[in-house]
């Protein structure tokens, strides 16, 4: 018979390097290592001497990357053995079967001397050897011991082995060898029953010998152990089974059970699963001597498996709501998490699986494996993907090297205060690193102008900001950012440009002066990052790709607004907020909707679609179907609402501000008070500010839609109730009718555009929907604009050329491109490479490495070079010097938002 640890079926064992980039105390990377797969559920794992044993309900195994039944598939009936370091199977093969019904292996444990593997489940034979429910496998010979047949009368679901060799079992059984043992039993290494008894009234699912060897923790569905009131968990004496620590009903909800128990010298830890409302689904830590609770996390999402390593407890679950712990709300399920044994706060480790087959709970088992001095965390369950790639039921993670780079930062830059350019970006996502270092590069330099390290979590990615004060008014600056975990570095972010302001933005200055803690201006060209301009780094996330950069904006200046479709689009704050006290929620709206919708408010959830609406929500402003505005706080019978008498769905911009403070609630529209009351109470919940959608059930004149269809702009939240005077001033400045509102913005479409091709010198491309630029085998593109004269009393203070790469897979480019004035004549219908116009040597702006397809880019232009062209019809050219072509949409593009635009900003002279 082949030995259980015999030669591998492929692969060479190599020691993995030590961890180099994960953030301590996490030890394992989130990179899924190459591992063989099964065609069914793996319920149990065990390990000894670099060999991993897997048991479950499956019939075959196959190589990684191979679909079920594909090349290399081989038989493996409910059991397989693998090399811990390579993930490849050993040559041992055992079949766990039964004469009727579906056989399965549900528990595995190895004897202290490493000679015997115990396997529990629902089976009557192991490769022809008669055994009922619990088998002893000789590891050296890969055979079942025929003399070990304790004959359990029902499924064995849990196993552990004490240092003295005693085998403890839990499950559904009521007899062993025909002798009464209700759900838990203990046997000698020879298979004889011991006097230990811990009889439970309902199924046992977990069992663990404590680190001192003096106690056995039992877990399951039960409500009594040896007649003692102890639900789901009990600590028993290792010799007698007497209950030494009980956990009466109510300690865990009656609807929650214990699915796994693990322990070491630091304590005992449980994994819980619940059904229905008011359940406990998380993890609990108990002291190692008194077994008193140390901490409990209250994440919702059935925890199935635990593994301890170096002071961290790794868990498998489908945790979908950890808001009660101040972590992420009820959003997409996360299946692998990590916590310190001393603190339930979640760590920056979150590789992921899907739900998979069976009960669709994802992970089911974890085990630690050592091979050649390298540690591996093995994972098993019913999943069919790991980190988004196909991988069924088995996977593993090592301590290094970490090969996963952080995501590319999403960045935005702006300048609305003289002497500074603000660079803002969302923290990158990294599934095994919390501490990420960001480098900011200016104007294409290879040397960063700013470096900072910020801690973030995969589900909590705060805004990071830096202000460049080494700037000259009227000069354009371009910025790109990278994120590094110390080993791997992201790609450079998309280049973002801004022209350093000559004069302050009057509206933004008023908002900041009055203490805004959140200020979204909606000037981003795309993506999911909504930058916060308040100074509070309270960035937001765009959901479902709303319509970006809508014009005209609500207030004077170079800004744009955000269009929402009323069915799926909204914005939420990435940062969880404590319960707001006094507050002001302010925004501008423009709509003609007759379906109403939520405009702004505070709620305890976020995500995609109405499945992720808040359960607890108030401090909200909404529109009725008739166009009235409502402002409400509270919940159920304690709701307080102000409703306007007038309608505001007239297609015009309106300024809306809702306040609550010591004097009560007030609603202002267009600078004037429309209603107030003396209510100072509101819902006591943590949560997120949301714009454009959330629940509205039960509010007066409840609208048809919970999504707002219209345009929003200049959203701000303040930690105080602004005065009537402050609100009126914001409206006055925003309408350009009072002091400092003289700045204006003009957005111009190209009147003509075309490109020429050095390889087709006589061909005209004037009707093409694309523009092209390249240095070698040259392409050049030309755009003509009718430039207005500067309005009286103003001068040109900013200019931005907006372009969008096409959907062609090669549309982006790693090269840089310049914008220069055209000095010669050309027409859209007649220009060719052979008769192309002359160009100026003066560079107005640079587009650095626009590498992404279907992406908006902005080129900030030198205003000094454009001032002399105002009041004329003039042309700009896009030129390059490299070999990597850039493809852009032209003014002939079918989608208006994709067409080139020139945005000119005029400020007081």
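In this note's numbering, the protein residues as written are 5 to 913.
All residues carry an ideal CB built from backbone N, CA and C; glycine is no exception.
Identify the residues that DSSP records as bridge partners of residue 720: which are they? 523 and 590
Discussion item. To the nearest angstrom, how far is the alpha carbon of residue 914 from that of residue 346?
Written reply: The requested residue 914 is not part of the displayed model; the chain covers only 5 to 913.
(request) Check residue 743 in the structure and name its three-state DSSP category. (result) With a pLDDT of 41 at residue 743, under the threshold of 50, the modelled position of that residue is not reliable, and the figure given next carries that caveat. Correct three-state label for residue 743: coil.
Return the CA-CA distance between residue 815 and residue 855, expressed in angstroms with no decimal places. 8 Å
Look at residue 141 and residue 98 and say whether their C-beta atoms are less than 8 Å apart.
yes
Quiz item: Rounded to whole angstroms, how far is the Cβ of residue 32 from the Cβ of residue 381, which I believe are closer than 8 Å?
Solution: 5 Å
- Task: For residue 575, name the three-state secondary structure that DSSP assigns.
- Result: strand
_Please return the same chain residues whose Cβ sits closer than 8 Å to the Cβ of residue 861, not counting the five positions on each side in sequence._
498, 499, 529, 806, 807, 808, 809, 851 and 854
**Request:** Return helix, strand or coil for residue 152, following the three-state DSSP convention.
**Result:** coil
Pick out whichever of 433, 102, 119 and 436 has its Cα sitting closest to the Cα of residue 132.
102
Could you tell me which residues DSSP puts in a beta bridge with residue 322? Per DSSP, none; premise fails for residue 322.
- Who does residue 229 pair with in a DSSP beta bridge? 204 and 232
Where does residue 894 land, buried or exposed, given buried means 16+ other C-beta within 10 angstroms?
-> Buried is the call here.
Please classify residue 568: is it buried, with 16 or more other beta-carbons within 10 angstroms of its beta-carbon, or exposed? Looking at its Cβ environment, which holds 16 or more other Cβ atoms inside 10 Å, residue 568 is buried.
Three-state secondary structure assigned by DSSP to residue 180: strand
Worksheet item: Do residue 356 and residue 391 have their C-beta atoms within less than 8 Å of each other?
Response: yes
Between which two residues does the beta strand (DSSP E) harbouring residue 643 extend? Note, residue 643: premise wrong, no beta strand (DSSP E); not H, not E.
* To do: Pull up the distance between the alpha-carbon of residue 171 and that of residue 388, whole angstroms please.
  => 33 Å
inquiry  = Excluding the 5 residues flanking residue 439 on each side, which residues of the same chain have their C-beta closer than 7 Å to its C-beta?
reply    = Short of 7 Å from the beta carbon of residue 439, and not among the five residues preceding or following it, lie these beta carbons of its own chain, in chain order: 27, 457 and 459.
Nearest-angstrom beta carbon gap, residue 42 and residue 397 [assumed within contact, 8 Å] = 5 Å
Is residue 287 closer than 8 Å to residue 310 when the C-beta atoms are compared?
yes
| query | At which residue ranges does the segment 419-452 contain complete beta strand (DSSP E) runs of 3 or more residues, listed in the order of the chain? | reply | 425-430 and 439-446
- prompt: In three-state terms, what does DSSP make of residue 395?
  reply: coil
Does DSSP classify residue 669 as helix, strand or coil?
Strand, per DSSP.
| task | Look at the alpha carbon of residue 749 and the alpha carbon of residue 557, and state the distance between them as a whole number of angstroms. | result | 9 Å
Would DSSP call residue 664 helix, strand or coil?
Assignment of residue 664 by DSSP, reduced to helix, strand and coil, places it in the strand class.
Taking 7 Å as the limit between beta carbons, can you name the residues of its chain near residue 902, skipping five residues before and five after? 808 and 893
query = Per DSSP, what kind of secondary structure is residue 247 in: helix, strand or coil?
reply = strand
**Message:** Mapping the DSSP letters down to three states, classify residue 345 as helix, strand or coil.
**Reply:** coil
Next on the checklist: Just to confirm the assignment, what range does the alpha helix (DSSP H) spanning residue 483 have?
Outcome noted: Not the alpha helix (DSSP H): residue 483 falls in the beta strand (DSSP E), residues 480-488.
Near residue 842, which residues of its chain fall below 8 Å by C-beta distance, leaving aside the five closest residues on each side in sequence?
826, 827 and 828
Residue 900 versus residue 384 - alpha carbon distance
Approximately 50 Å between the Cα atoms of the pair.
- Item | residue 481 and residue 444 closer than 8 Å at C-beta | no
Self-check item: residue 911 in three-state terms, based on DSSP
Solution: strand
- [ ] Take every Cβ of the segment 336-351, pair it with every Cβ of the segment 622-637, and state whether three or more of those distances are shorter than 8 Å.
- [x] no
**Prompt:** Among 575, 597, 586 and 638, which one has its Cα closest to the Cα of residue 610?
**Reply:** 575
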